[in-house]
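Report on the following structure.
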Amino acid sequence: MTSVCDIIRRQELAQLPSDSTIREVARYMIEHGVGSVLVMDDGVLRGIFTERDALRIFVAARRNPDYTRIADVMTGAPQTLSPEATPQDAAKRMAAGKFRHLPVVDSDGRVLGVVSQRDLIAAGVATG
Numbered sequence: 006m007t008s009v010c011d012i013i014r015r016q017e018l019a020q021l022p023s024d025s026t027i028r029e030v031a032r033y034m035i036e037h038g039v040g041s042v043l044v045m046d047d048g049v050l051r052g053i054f055t056e057r058d059a060l061r062i063f064v065a066a067r068r069n070p071d072y073t074r075i076a077d078v079m080t081g082a083p084q085t086l087s088p089e090a091t092p093q094d095a096a097k098r099m100a101a102g103k104f105r106h107l108p109v110v111d112s113d114g115r116v117l118g119v120v121s122q123r124d125l126i127a128a129g130v131a132t133g
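Below, the structure written as structure tokens:
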């Protein structure tokens, strides 16, 4: 059986420190073609920032992207998956939580990657 670890195996971790500005994060997301960035300090997962967060911050809240720190607007303590979880487990968690990205974290707290709805669709997993 395939695990989420199989899906994220070749993934490069998209991460920035919590003192990054929203503009820095947005540039990073565009340059790397990712829909989320893990907010990490000294190897510890602090939160996640996604495309949806960017829309909320830039459009709805009108926060200044040059002065607003990602730590102030990220989703703190995001739900995570174990590397042994199945893609179906990931799809169920995403549907229940109404989110599109889930960090994959091992039992030692080490972040291995992020599984997204796009990854699940590419793997042939129903995400509805």
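If you want the working numbering, it's the 1-based position in the sequence shown plus 5. Beta carbons are placed, not taken as given, at the ideal position from N, Cα and C, and that holds for glycine.
When burial is assigned at 16 or more other CB atoms within 10 Å of the CB, is residue i buried or exposed?
{"i": "Val-49", "result": "exposed"}
{"i": "Ser-25", "result": "buried"}
{"i": "Leu-105", "result": "It is worth fixing the name first, because residue 105 is Arg in this sequence and not Leu. Result: buried."}
{"i": "Asp-124", "result": "buried"}
Under a three-way DSSP split, which group does residue i fall into?
{"i": "Arg-51", "result": "strand"}
{"i": "Met-45", "result": "strand"}
{"i": "Gly-114", "result": "coil"}
{"i": "Val-9", "result": "helix"}
{"i": "Pro-108", "result": "strand"}
{"i": "Val-39", "result": "coil"}
{"i": "Gly-81", "result": "strand"}
{"i": "Thr-60", "result": "First, the amino acid is wrong: residue 60 is Leu here, not Thr. DSSP places Leu-60 in helix when its eight states are reduced to three."}
{"i": "Gln-122", "result": "helix"}
{"i": "Arg-74", "result": "strand"}
Please return the same chain residues whose Cβ sits closer than 8 Å to the Cβ of residue i, not counting the five positions on each side in sequence.
{"i": "Leu-86", "result": "Val-9, Asp-94, Ala-95, Arg-98, Leu-107, Pro-108, Val-109, Val-110 and Val-120"}
With residue i and residue j assumed to form a contact (beta carbons below 8 Å), what rounded beta-carbon distance in angstroms separates them?
{"i": "Met-45", "j": "Gln-16", "result": "That pair is no contact at about 15 Å."}
{"i": "Ile-27", "j": "Val-78", "result": "7 Å"}
{"i": "Val-118", "j": "Ile-13", "result": "Note that residue 118 is Gly in the sequence shown, not Val. Contact flag correct, Cβ pair sits at about 3 Å."}
{"i": "Gly-102", "j": "Gln-84", "result": "6 Å"}
{"i": "Arg-74", "j": "Ser-23", "result": "7 Å"}
In terms of alpha-carbon separation, which member of the options lies closest to residue i?
{"i": "Thr-55", "options": "Arg-67, Gly-38 and Gly-129", "result": "Gly-38"}
{"i": "Ile-126", "options": "Asp-77, Pro-92 and Asp-47", "result": "Pro-92"}
{"i": "Val-116", "options": "Tyr-72, Ala-101, Leu-18 and Arg-68", "result": "Leu-18"}
{"i": "Val-42", "options": "Arg-14, Ala-76 and Asp-113", "result": "Ala-76"}
Enumerate in chain order the residues of its own chain whose CB-to-CB distance from residue i is below 6 Å, with the five nearest sequence positions on each side excluded.
{"i": "Thr-80", "result": "Gly-52 and Ile-53"}
Once the 5 residues before and after residue i are set aside, which same chain residues still bring their CB inside 7 Å of it?
{"i": "Ala-31", "result": "Ala-59 and Pro-70"}
{"i": "Val-130", "result": "Pro-92, Gln-93 and Ala-96"}
{"i": "Pro-88", "result": "Ser-8, Val-9, Cys-10, Val-109, Asp-111 and Leu-117"}
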